[in-house]
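Take a look at the structure below.
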Amino acid sequence: MESWVVVSAVTMGYLLLSLAVGLASGRGSSKTTEGYVAGDRSLGFLVMYFIMGASIFSAFAFLGGPGWAYSRGAAAFYILSYGTVGLIPWYFFGPRVARLGRQRGYVTQAELFADRFQSRWLSAILALISLLAFLPYLTLQMQGAGYVFEVVTEGRVPAWLGAAIAYGVVLIYVYGSGVMGVGWTNTFQGVFMMVLAWGLGLYLPWRLYGGVGAMFEAILERAPRATEMLAAPGLDAAGNPWTWGGYSSAIAVSAIGFSLWPHYFMKIYTARSEAVLKKTIVFYPTFQIFLIPIMFIGFAGILAHPGVTPADAILPTILMSMQLPAFVVGLFCAGALAASMSTGDAIVHAAGSIMIRDFYRALFRPSLTDAQETQLIRIVVILIAAVAYYFAVVSEMSIVLLLLLSYGFLVQIAPVLLATFFWARATAPGVIAGLLTGVAVVVLFDRVPSLQWQGIQPGIFGLVANLVVLVFVSLATKPMAEEHVRDFVVT
Amino acid sequence: MDTRPRLQSSKLSAPQRRVYAAATIYFVVVFAAMMWPIYPWFARARPLLLGMPFGLFYLAALVVVSFGVALALFVWELRSGVIAGADER
Chain A
1 MESWVVVSAV TMGYLLLSLA VGLASGRGSS KTTEGYVAGD RSLGFLVMYF IMGASIFSAF
61 AFLGGPGWAY SRGAAAFYIL SYGTVGLIPW YFFGPRVARL GRQRGYVTQA ELFADRFQSR
121 WLSAILALIS LLAFLPYLTL QMQGAGYVFE VVTEGRVPAW LGAAIAYGVV LIYVYGSGVM
181 GVGWTNTFQG VFMMVLAWGL GLYLPWRLYG GVGAMFEAIL ERAPRATEML AAPGLDAAGN
241 PWTWGGYSSA IAVSAIGFSL WPHYFMKIYT ARSEAVLKKT IVFYPTFQIF LIPIMFIGFA
301 GILAHPGVTP ADAILPTILM SMQLPAFVVG LFCAGALAAS MSTGDAIVHA AGSIMIRDFY
361 RALFRPSLTD AQETQLIRIV VILIAAVAYY FAVVSEMSIV LLLLLSYGFL VQIAPVLLAT
421 FFWARATAPG VIAGLLTGVA VVVLFDRVPS LQWQGIQPGI FGLVANLVVL VFVSLATKPM
481 AEEHVRDFVV T
Chain B
492 MDTRPRLQSS KLSAPQRRVY AAATIYFVVV FAAMMWPIYP WFARARPLLL GMPFGLFYLA
552 ALVVVSFGVA LALFVWELRS GVIAGADER
């Protein structure tokens, strides 16, 4: 049998298994929106752990992580750094968010903020910012899935069809099972990816150099610009030394933005108890440490396969050159699909819930019934997947430009969170003006790179402007009723 | 009777507050230790430790130590009873 047939068969078998797990898992939850979006607030440690783990296992980590290590060296260390503290804020505010959610019926991030500031507009603006941050990210996941299919079948299944097949599976289980489908497929896919990452990350340096230490010795002795490659801040995208401002602010923006991603924030409401939530946060680094073997894969390519472009293709390139059995290559492809799908499913599910609850219902149809709402969420899930699919395979527009803005936008939610819990004097006009200013500054600094002093990320400048405007506008407007505010603010 | 939701910290004793303050300070320090101006002091290729460049070993060590600190905080919370829902893990 030809090897591409074996590889394709393994990949398809894996997809079918994911579909079965996804569909079977939705049967236990209730038919309400709370069941569809927040899993009836009943998720235990295992599923929560793997849902959060999937935040690390994205197509970006699986293909982009090795790509960064390969082409930009120690610059890739930033990806390892931000996750170390990225989820820690949850440990301190997460239980409070969960408790308020339980008492007041929230299932999305914006519902908390809109309730605290009594503003439907805040809810709608946050929904739009979330969508702007989601779309590029989802598009990249789809492109990754399509790319995997094309490589696996040696071009017989083109990328557009591959992306359609993988995300067809995702839509079926998200449509049918909601958050339970996302949770249980991520659990299944997470175990699979962990084994694969550690296996490949340790096997490749051993096979090519005789070990991890031997690999880095060889790079230091023989690679051009070895010292710059192996010591942070590494290289920038153009191959020149990166600035400390660029490296440090990338960590700062990502670490602050990480705990604010609306699709992960929503998972706070799904935890069964405070203990489950905190345990998930505590054990998160056991997932994050997997980025180390992932980076080893990229470093392994520096001497063995110089000049691979795009750099993100380094992992498939190494695998194809090693004459591995077709079955093993098939497993890798399934792993890369798992990485893409486990991130993509959480995003489409959250984006659907957010657009209906935080945007449509908040502004136009407060009277929506539970059944109508769940049905609308399902329809929007399909619409959003279609838009991302358009960008992924049809549009010529470079989505990477938008992706750079994703974290810049997300970080602008941080002042809203701080004001919600720590500043009673903050008002709705204040947080809205701050948000809009922050987003505008991010776009401006992104468009005009010469404004980026010391190479610092636009998100940081936006954050500063956001905070200043929030404080001044809040002080200039009428304070909110103390009775209402004290339910939220930490005393 | 006041039935409003209460933040944890409002019913904590002074020693309990000190534990949270210490944990917060620890994580802020770790955050800073991964960026300029602290991390450049450790961002070097040699020596190789556990096969990794020194700068990468340093970051990996921060991940492992931070895991230990968070785990210790969690266990302490369970034992001292400040955590809600500890019975249903």
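Keeping their order, the protein sequence lines are chains A and B.
Under my numbering, the first residue of the first sequence is numbered 1, with each subsequent residue one higher.
Under my numbering, the first residue of the second sequence is numbered 492, with each subsequent residue one higher.
Every residue, glycine too, gets a C-beta built ideally from N, C-alpha and C.
Distance between residue j and residue i (C-alpha atoms, nearest Å)
i        : j        : result
Phe522/B : Ala512/B : 15 Å
Leu417/A : Ser58/A  : 26 Å
Val471/A : Ser254/A : 24 Å
Trp423/A : Gln412/A : 17 Å
Gln143/A : Phe149/A : 10 Å
Tyr498/A : Val560/B : Lying before the first or after the last residue shown, residue 498/A is absent from chain A, which here runs from 1 to 491.
Asp487/A : Gly101/A : 12 Å
Arg99/A  : Ile268/A : 10 Å
Phe332/A : Val157/A : 17 Å
Met320/A : Val329/A : 8 Å
Arg535/B : Val381/A : 47 Å
Asp312/A : Val151/A : 13 Å
Gly301/A : Asn240/A : 19 Å
Ser259/A : Leu80/A  : 15 Å
Arg361/A : Ile318/A : 50 Å
Ile219/A : Ala465/A : 43 Å
Leu550/B : Thr243/A : 19 Å
Gly459/A : Ala110/A : 20 Å
Trp527/B : Pro224/A : 26 Å
Gly438/A : Trp567/B : 39 Å
Ala304/A : Leu208/A : 8 Å
Leu202/A : Ile314/A : 16 Å
Ala563/B : Val554/B : 14 Å
Val308/A : Arg365/A : 53 Å
Glu579/B : Gly572/B : With a pLDDT of 45 at Glu579/B, under the threshold of 50, the modelled position of that residue is not reliable, and the figure given next carries that caveat. Distance between the alpha carbons of Glu579/B and Gly572/B is about 13 Å.
Ile456/A : Pro310/A : 25 Å
Trp121/A : Trp206/A : 56 Å
Ala577/B : Arg570/B : In this predicted model, Ala577/B has a pLDDT of only 49, less than 50, meaning its place in the structure is not dependable enough to derive any value.
Leu503/B : Phe533/B : 38 Å
Phe391/A : Tyr137/A : 11 Å
Asp370/A : Asp40/A  : 14 Å
Asp236/A : Thr227/A : 15 Å
Pro293/A : Thr187/A : 20 Å
Ala385/A : Arg425/A : 40 Å
Test item: CB-CB of residue i and residue j under 7 Å
i        : j        : result
Ala338/A : Gln189/A : yes
Ser395/A : Gly430/A : no
Ile347/A : His263/A : yes
Val448/A : Gly462/A : no
Tyr106/A : Thr280/A : no
Leu87/A  : Tyr284/A : yes
Ala231/A : Gly546/B : yes
Ile354/A : Ser130/A : yes
Ala69/A  : Gly210/A : no
Ser25/A  : Ser177/A : yes
Leu539/B : Phe216/A : yes
Gly64/A  : Leu196/A : no
Leu43/A  : Thr343/A : no
Ala419/A : Val469/A : no
Phe287/A : Gly53/A  : yes
Leu525/B : Ile251/A : It should be noted that the sequence gives Met, not Leu, for residue 525/B. A contact, by the Cβ cut-off of 7 Å.
Val97/A  : Phe565/B : no
Gln454/A : Gly234/A : no
Ser18/A  : Thr153/A : no
Asp345/A : Val170/A : yes
Val5/A   : Ala163/A : no
Ala350/A : Met266/A : yes
Ala503/A : Ser340/A : This structure leaves residue 503/A out entirely; chain A is present only between 1 and 491.
Beta bridge counterpart(s) of residue i as assigned by DSSP
i        : result
Leu235/A : Pro241/A
Leu540/B : Met543/B
Leu43/A  : Ala271/A
Contact set between residue i and chain E, taken where Cβ atoms lie within less than 9 Å
i       : result
Tyr91/A : Going by chain labels, chain E is absent from the structure shown, which instead holds the protein chains A and B.
Cβ separation of residue i and residue j, assumed to be a contact under 8 Å, to the nearest whole Å
i        : j        : result
Ala74/A  : Met229/A : 7 Å
Ala166/A : Tyr147/A : That pair is no contact at about 11 Å.
Ala127/A : Phe409/A : In fact, because the Cβ distance is near 12 Å, the residues do not count as touching under 8 Å.
(message) What ranges does the alpha helix (DSSP H) occupy inside the segment 187-224 of chain A, keeping only unbroken runs of at least 4 residues that lie completely in it?
(response) Correct list: 212-222.
(message) Just to confirm the assignment: which complete alpha helix (DSSP H) runs, minimum length 4, are found wholly within the segment 406-466 of chain A?
(response) 414-422 and 428-447, all fully within the segment 406-466 of chain A.
(request) Counting only runs of 4+ residues fully inside the segment 103-141 of chain A, write out the alpha helix (DSSP H) ranges in chain order. (result) 109-117
(request) Let me know the alpha helix (DSSP H) ranges lying completely inside the segment 324-358 of chain A, each 4 residues or longer, listed in chain order. (result) 326-354
(request) Starting from the N-terminal side, write out each stretch of the alpha helix (DSSP H) that is 4 residues or longer and does not extend beyond the segment 36-100 of chain A. (result) 45-53, 65-72 and 77-86
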